[in-house]
Amino acid sequence: MKIGWASVDITPERPVVLRGQFHARISNRVNDPLLATALVLSEESAGEHVVMVSCDRVSIPSGILQRVREAVASRAKGLDARRVFLNATHTHTAPEIEEGHYPPQGPEVMTPTEYADLFVDRVAECIARAWENQAPGAVGWGFGQAVVGHNRRASYFGGVSRMYGATNTPEFEQIEGYEDHGVDLLYTWDPEGRLTGMIVNLACPSQVTEGEHYVSADFWHEVRVELARRVGEGLFLLPQCSAAGDQSPHLLLHARAEERMRRLRGVTEREELARRIVDAVTDVLPVAETEKHSDVPLRHAVRTLHLPARAVTRDEYEHAVREYETYERQQVPEGNVAGFSRRFRMLNRYRRVMERYRSQGEQPTFAVETHLVRVGDVGFATNPFELFLDFGERIKARSKAVQTFVVQLAGGGAAYLPTARAVAGQGYGAEPVSNHVGPEGGQVLVEESLAMLNAFWEE
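Each residue of the sequence shown is one higher than the one before, starting from 155 at the first, in this note's numbering.
Set out below in structure tokens:
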């Protein structure tokens, strides 16, 4: 087993449009740096390697992933660029990287194209350095718990669900779905037994301060700070968001009690989540250290799946037409940047639903790339969606791996993939305007991922 790490600053150098809300937000400062961190695992005897890259971003569009692969191909001799996958932590305070999502801004604002050029160059160089830094080492894994993510959909009597819906009302029935506080951890050590880095995988996007107008990695910044304070400087941290399309750090229940506890501790919400995550890291670390592996099976498969696309019904099409016409008639006062950009986004969203309805017979499937990896007794299964938690749980429950790291938003920017329960409840994240693939396609993703992943244990 050879291991290589590298990290790079991907913070924009000028004000940017921040991605993550319907309206455009222009960054007014950098609150904390954005990072991309690359890990190379390779096994020469089997001719296998995998390159995992975590990015403080909202998503990884397919075009950006392809550009990174093309850029790194000439910088890292012997690396198969198709074996590189990038995942986003899903912070809502990082730059827009694609043109067309928001209206053009003034010359003082970095364009998405300009930021994309910076991102591609720096991430490709980071991967090349991680490839060059490969050296013998050991890996170990473990499992802990940290309360970070919560289901964000409230369900009401009558069968309707709402994202961040009120729970202090007589109509409230229940939280729609499950939440998973498990933390999957993979540690690496050098030949002298010194800890060099870790993968931390949990089911929650980094969105505590998601509406702010500054650049930030959100709670993963506080995790890095706390990890350096407790475990040591110079460690590499590769965060992965597990299936969490219906999860967030925001509380629908117990919010006042949690706020009081933070006040008494004297910490911010981001600092509190960092404390919990690093508690899990440090609790599991001494246990994982008892089983360090320098020679383990490494397998990596890359597949393109053709999932059934979510069909747009006639009623859904007519709803999209009505919404489009409403926004088309909307008058936004001059100078109202937020209102104008929100109208721009909503017109585009409903236009796409209308176009899908008209052409859906021609495009019955939606292609996605997925990576399946075995490292010793643990497995990794990626997808490009904001994947609702239940699909990830199905993969974990039936996987032959001792631990399975499900990694969402791993290239493709493929929007939400909701459960049948969520579609029945409707609401944001579960309607056609938010989906390319529906519950049927989600189950195909589960079955195909399991077939490929479990095959590694049947060789």
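Cβ coordinates follow ideal geometry from the N, Cα and C atoms, glycine included.
Anticipated Cβ contact below 8 Å, residue i with residue j, distance rounded
| i | j | result |
| --- | --- | --- |
| Val532 | Val204 | That belief does not hold up - the Cβ atoms of Val532 and Val204 are roughly 12 Å apart, past 8 Å. |
| Phe297 | Gly336 | 6 Å |
| Leu389 | Leu349 | 6 Å |
| Leu461 | Phe498 | The Cβ separation is near 29 Å, so there is no contact. |
| Leu649 | Thr321 | A question about residue 649 goes unanswered here, because the residues of the chain that appear run from 155 up to 613. |
| His246 | Gln361 | 5 Å |
| Leu459 | Glu602 | 5 Å |
| Tyr368 | Arg183 | 5 Å |
| Ile164 | Ala564 | Not quite, the Cβ-Cβ distance comes to about 17 Å (not below 8 Å), so this is no contact. |
Helix, strand or coil at residue i [DSSP, three-state]
| i | result |
| --- | --- |
| Leu189 | strand |
| His404 | coil |
| Gln220 | helix |
| Ile164 | coil |
| Leu624 | Because the chain in this structure spans residues 155 to 613, residue 624 falls outside the shown range and cannot be described. |
| Glu387 | coil |
| Val532 | strand |
| Trp343 | strand |
| Phe373 | helix |
| Glu366 | coil |
| Arg348 | coil |
| Val486 | coil |
| Lys156 | strand |
| Pro538 | coil |
| Ile251 | coil |
| Trp229 | Reading the sequence as shown, one finds Arg at residue 229 and not Trp. Coil, per DSSP. |
| Glu198 | helix |
| Glu380 | helix |
Whether residue i touches residue j by CB criterion (8 Å)
| i | j | result |
| --- | --- | --- |
| Thr209 | Leu240 | Per the sequence shown, the amino acid found at residue 209 is Cys instead of Thr. Yes. Within cutoff. |
| Gly530 | His454 | no |
| Arg496 | His177 | yes |
| Val598 | Ile549 | no |
| Gly546 | Ala397 | yes |
| Ala192 | Ala230 | no |
| Glu330 | Gly579 | yes |
| Gly158 | Val194 | yes |
| Glu197 | Gly294 | no |
| Pro538 | Gly399 | no |
| Val591 | Glu523 | no |
| Tyr341 | Ala442 | yes |
| Arg430 | Glu423 | no |
| Ala242 | Val274 | no |
| Glu376 | Glu325 | no |
| Asn582 | Glu540 | Reading off the sequence, residue 582 comes out as Tyr, not Asn. No. |
| Val222 | Ala278 | yes |
| Pro403 | Trp374 | no |
| Pro249 | Arg316 | no |
| Tyr471 | Met500 | no |
Residue span of the alpha helix (DSSP H) that contains residue i, given as start and end
| i | result |
| --- | --- |
| Cys280 | Pro266 to Glu286 |
| Ser495 | Val491 to Ser513 |
| Arg468 | Arg468 to Arg483 |
| Gly595 | Pro593 to Ala609 |
| Glu425 | Glu423 to Ala442 |
| Ala455 | No alpha helix (DSSP H) contains Ala455, which is instead part of the beta strand (DSSP E) from Leu452 to Pro462. |
| Arg575 | Ala574 to Gly579 |
Run of the beta strand (DSSP E) containing residue i, from where it starts to where it stops
| i | result |
| --- | --- |
| Ser208 | Glu202 to Cys209 |
| Ala308 | Arg307 to Tyr310 |
| Met415 | That residue, Met415, is in no beta strand (DSSP E); its alpha helix (DSSP H) goes Ala409 to Arg419. |
| Ser315 | Ser315 to Met317 |
| Leu172 | Val171 to Arg173 |
| Ile214 | Per DSSP, Ile214 belongs to no beta strand (DSSP E) and is neither H nor E. |
| Phe176 | Premise fails: Phe176 is in no beta strand (DSSP E) and is neither H nor E. |
| Glu327 | Phe326 to Ile329 |
| Gly296 | Ala292 to Gln299 |
Assigned exposure category for residue i - 16 Cβ within 10 Å defines buried
| i | result |
| --- | --- |
| Gly386 | exposed |
| Val561 | buried |
| Ser513 | exposed |
| Thr267 | exposed |
| Thr480 | exposed |
| Ala300 | buried |
| Asn305 | buried |
| Leu418 | exposed |
| Gly220 | The question names Gly, but residue 220 in the sequence shown is Gln. Gln220 comes out exposed. |
| Ser181 | buried |
| Val438 | buried |
| Ala292 | buried |
| Val432 | buried |
| Phe311 | exposed |
| Asp334 | buried |
| Thr467 | exposed |
| Val162 | buried |
| Ser199 | exposed |
Any chain C beta carbon closer than 8 Å to residue i
| i | result |
| --- | --- |
| Val226 | Note that chain C does not occur in the displayed structure, where there is just one protein chain. |
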